[in-house]
Amino acid sequence: MSSYNFLVVDDSPTMRQLITFALKRIHNSQVTEASDGVDALKKLSGNKFSLILLDINMPLMDGLKLLSIMRGNPSYNDVPIVIITTEGADVDREKAMQLGANAYITKPIQTNELLKVVKEFLKINE
Amino acid sequence: MSSEEKDIKEADLFKKVEEFLQVFKKGEEFTHELLKENERLRFKIVRLEEDLRNNRKQGDNSQVKLLKDAIAQLEEERNYLTNKFKVVESENKDFAARYVEVEEENNNLANLYVASYQLHSTLDIHEVLTIVVEIIINLIGAEKFSLMLLDEDINELVAAASEGIDKSDLANIKIGEGIIGDVAKTGESYFEKDLEKKRDELNEPLVCIPLMIKEHVIGVLVIYSLLIQKKGFNRVDYELFSMLAGHAATAIFSSRLYAQSERKLSTIQGFIELLSGKPKPK
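Those sequence lines, one after another, are chains A and B.
Just so you know, the first sequence maps onto residues 1 to 126 in my numbering.
Just so you know, the second sequence maps onto residues 1001 to 1282 in my numbering.
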């Protein structure tokens, strides 16, 4: 059976816990949390993640900066990245997709939608 | 030729004619018999053909009846199966819909659990307020909102936390004054029905939720505007509002009490040290 390793990057502990709680419902899943872009880069080194869930507005290093760094690095180039953000304007969505995001989900968080997107990327049929 | 020879020849000829006539008569009789037989046989053939037709007709009818019965039975079976299929299909749809509902409910409950767990995870008032703000942004989808807490000394609501709007822009509100003050006075939630209506955001908010401990209002959660992608409120939002009304109030109240008790404890310790003459170890 496959195992899944997720990285959740969000400055809000409540949001991280909400996402983690939802992802833990996928069998054989492990979740690592990071509170901003810098923390995420530390967690990324030496670890292989199945999928990354990324917030945009964060202190120190925002999600878009982290996204462009990851897409410029061959080690993380093929990891699916799902943006979860409050920014609902089309221009923000387009910007994130151009930088290499694979999906764009807006807050308030809809757990059904989040799990659907994650399962689609990982081809999980539960 | 002599006459005697002539007579003999005539007699022979006559005899042969007689014989021929005999043979002819027999042939005629035979022909008659044949014609009769032919007639009889033709009659018999007609009869047989008629019988055959009748028999075939009877055979066809019974076969058709059998086939019709079989078709009717098959149609009945088909109808039964079609009906059964429809019942099973509708049951299936029902189960699928219920599964989706249960899944949704499960997700909502999980979110409510996380939110309430987070609210009660700390006794620091600032952390509690941050958590309330995070819940409102991430689970409700509010863009501009404030958390007005009752200052019992002046009996006014004072902005304790806000998002999308500066706290300094939010004036104190007297109990009973305007929509927000009225919610604090009555303890009844307020929801603006027309979310598209042009309004004076600060004085005509979209939602006001009283934060209550039993009958006592300790503050009001005020939402002025929603995120661009949030088009309205659904059942889960109302459940969240209801949860926040109780749990956020309890968490805020507990953290305030804890802060007060910490202060009191510190004061008491100061007195004890003063009375006992033992300075507090650094």
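Every residue, glycine too, gets a C-beta built ideally from N, C-alpha and C.
| Beta-carbon proximity list for B/E1156, same chain, < 8 Å, skipping 5 on both sides | Residue 1156 of chain B sits at position 156 when you count from the first residue of the second sequence. For B/E1156, where only same-chain residues beyond five positions count, the Cβ hits under 8 Å are L1150, N1172, I1173, K1174 and I1175.
| When DSSP labels each residue in this structure, what does A/A89 get in the three-state scheme? | One-based indexing of the first sequence puts residue 89 of chain A at position 89. Annotated three-state conformation of A/A89 is coil, per DSSP.
| task | Just the chain A side, please: which residues come within less than 7 Å of B/G1059 by C-beta, in chain order? | result | On the second sequence, residue 1059 of chain B is found 59 positions in, with the first residue counted as 1. The contacting residues do not exist; B/G1059 stays about 59 Å from chain A at best.
| task | Could you work out which residue in B/G1277, B/K1185, B/D1153 and B/R1078 is closest to B/V1220 when comparing CA atoms only? | result | In the second sequence, counting from the first residue as 1, residue 1220 of chain B sits at position 220. Among B/G1277, B/K1185, B/D1153 and B/R1078, the Cα nearest to that of B/V1220 is on B/K1185.
| field | Contacting residues, own chain, Cβ-Cβ under 7 Å from B/Y1224 (five flanking each side not counted) | value | For the purposes of this step, residue 1224 of chain B is taken as the residue at position 224 of the second sequence. Cβ neighbours of B/Y1224 beyond the five flanking positions: K1144, F1145, I1165, E1201, L1202, P1205 and L1206.
| query | The alpha helix (DSSP H) with A/Q17 in it runs from where to where? | reply | By one-based count along the first sequence, residue 17 of chain A stands at place 17. Its alpha helix (DSSP H) spans residues P13 to L23.
| Looking only at its own chain, which residues have a Cβ that is under 6 Å from the Cβ of B/E1103, when we skip the five neighbours before and after it? | The residue given as residue 1103 of chain B occupies position 103 in the second sequence. There are no such residues.
| task | Would you kindly check if the distance between the Cβ of B/I1218 and the Cβ of B/I1252 is under 8 Å? | result | Indexing the second sequence from 1 puts residue 1252 of chain B at position 252. Indexing the second sequence from 1 puts residue 1218 of chain B at position 218. Yes, Cβ-Cβ distance for B/I1252 and B/I1218 is below 8 Å.
| field | Meets three-Cβ-pair contact criterion under 8 Å: the region 113-122 of chain A and the region 1007-1016 of chain B | value | Taking 8 Å as the limit for Cβ pairs, the verdict is that the region 1007-1016 of chain B does not touch the region 113-122 of chain A.
| message | Is the beta carbon of A/I105 closer than 8 Å to that of A/I81? | response | Locating residue 81 of chain A in the first sequence gives position 81, counting from the first residue. Locating residue 105 of chain A in the first sequence gives position 105, counting from the first residue. No.
| query | Can the beta-carbon of B/C1208 be found closer than 8 Å to that of B/V1183? | reply | The residue you call residue 1208 of chain B lines up with position 208 of the second sequence. The residue you call residue 1183 of chain B lines up with position 183 of the second sequence. Closer than 8 Å, so yes.
| task | Go ahead and pull the three-state DSSP assignment for A/F6. | result | Here residue 6 of chain A refers to the residue found at position 6 of the first sequence. Secondary structure at A/F6: strand, using DSSP grouped into helix, strand and coil.
| field | Where the region 107-121 of chain A meets chain B: residues whose CB sits under 7 Å from a CB there | value | The residues in question are K107, P108, I109, T111 and N112.
| said: Let me see if you follow: with CB-CB separation under 8 Å, is B/L1227 close to chain A or not? | reply: Residue mapping note: residue 1227 of chain B aligns to position 227 of the second sequence, counting from 1. Taking Cβ atoms only, chain A reaches closer than 8 Å to B/L1227, which makes this a yes.
| Are the C-beta of A/L18 and some C-beta of chain B separated by less than 8 Å? | Walking along the first sequence from the start, residue 18 of chain A turns up at place 18. Chain B, which has a Cβ nearer than 8 Å to the Cβ of A/L18, makes this yes.
| request: Find out if the Cβ-Cβ distance for the pair A/F6, A/L64 is shorter than 8 Å. | output: Taking the first residue of the first sequence as position 1, residue 6 of chain A is located at position 6. Taking the first residue of the first sequence as position 1, residue 64 of chain A is located at position 64. Not closer than 8 Å, so no.
| said: Closest to B/S1168 by C-alpha separation, out of B/M1148, B/I1180 and B/R1053, would be which residue? | reply: If you number the second sequence from 1, residue 1168 of chain B lands on position 168. Answer by Cα proximity: B/M1148.
| message | Is there a C-beta anywhere in chain A that falls below 8 Å from the one on B/I1137? | response | Here the question's residue 1137 of chain B lines up with position 137 in the second sequence. Closer than 8 Å: yes.
| query | Would a C-beta distance cut-off of 8 Å place B/I1140 and A/P13 closer than the cut-off? | reply | Sequence index remark: in the second sequence, residue 1140 of chain B carries index 140 (1-based). Sequence index remark: in the first sequence, residue 13 of chain A carries index 13 (1-based). Not a contact, by the Cβ cut-off of 8 Å.
| Do B/G995 and B/L1195 have their CB atoms nearer than 8 Å? | This structure leaves residue 995 of chain B out entirely; chain B is present only between 1001 and 1282.
| field | chain A contact for B/G1141 (CB, 8 Å cutoff) | value | For the purposes of this step, residue 1141 of chain B is taken as residue 141 along the second sequence, with counting starting at 1. Yes - at least one Cβ of chain A is within 8 Å of the one on B/G1141.
| Beta carbon proximity, B/K1093 to chain A, threshold 8 Å | Along the second sequence, read from residue 1 onward, the residue named residue 1093 of chain B stands at position 93. For B/K1093, no CB of chain A lies under 8 Å from its own CB, so it is not counted at the interface with that chain.
| DSSP three-state assignment for B/Y1190, whether helix, strand or coil | If you number the second sequence from 1, residue 1190 of chain B lands on position 190. If DSSP states are grouped into helix, strand and coil, B/Y1190 belongs with the strands.
| task | On the DSSP bridge assignment, give the partners of A/V31 in chain order. | result | Within the first sequence, residue 31 of chain A is the residue found at index 31, counting from 1. A/F6.
| request: Throw me the rounded Cβ distance for the B/I1125 and B/S1261 pair, which I believe falls under 8 Å. | output: Here residue 1125 of chain B corresponds to residue number 125 of the second sequence, with the count starting at 1. Here residue 1261 of chain B corresponds to residue number 261 of the second sequence, with the count starting at 1. With a Cβ gap of about 13 Å, B/I1125 and B/S1261 do not count as contacting.
| So is A/F21 in contact with chain B if we call contact Cβ pairs under 8 Å? | The residue you call residue 21 of chain A lines up with position 21 of the first sequence. The beta carbon of A/F21 falls within 8 Å of a beta carbon belonging to chain B, placing the residue at that interface.
| Near B/I1154, what residues of its chain come up, given a Cβ to Cβ distance below 6 Å and the 5 sequence neighbours on each side ignored? | If you number the second sequence from 1, residue 1154 of chain B lands on position 154. Taken in chain order, the list of residues that qualify is empty.
| Positions along the region 1215-1239 of chain B whose CB lies within less than 7 Å of some CB in chain A | For the region 1215-1239 of chain B, which is checked against every Cβ of chain A, the residues closer than 7 Å are L1227, I1228, Q1229 and K1230.
| task | Could you tell me the distance, in whole angstroms, from the CA atom of B/I1179 to the CA atom of A/S75? | result | Counting from one through the second sequence, the residue named residue 1179 of chain B turns up at place 179. Counting from one through the first sequence, the residue named residue 75 of chain A turns up at place 75. Straight across, the Cα-Cα distance linking B/I1179 with A/S75 is about 55 Å.
| field | Cutoff 8 Å: A/A101 Cβ touching any chain B Cβ | value | Numbered from 1 along the first sequence, position 101 holds the residue referred to as residue 101 of chain A. Output row for A/A101: interface = no.
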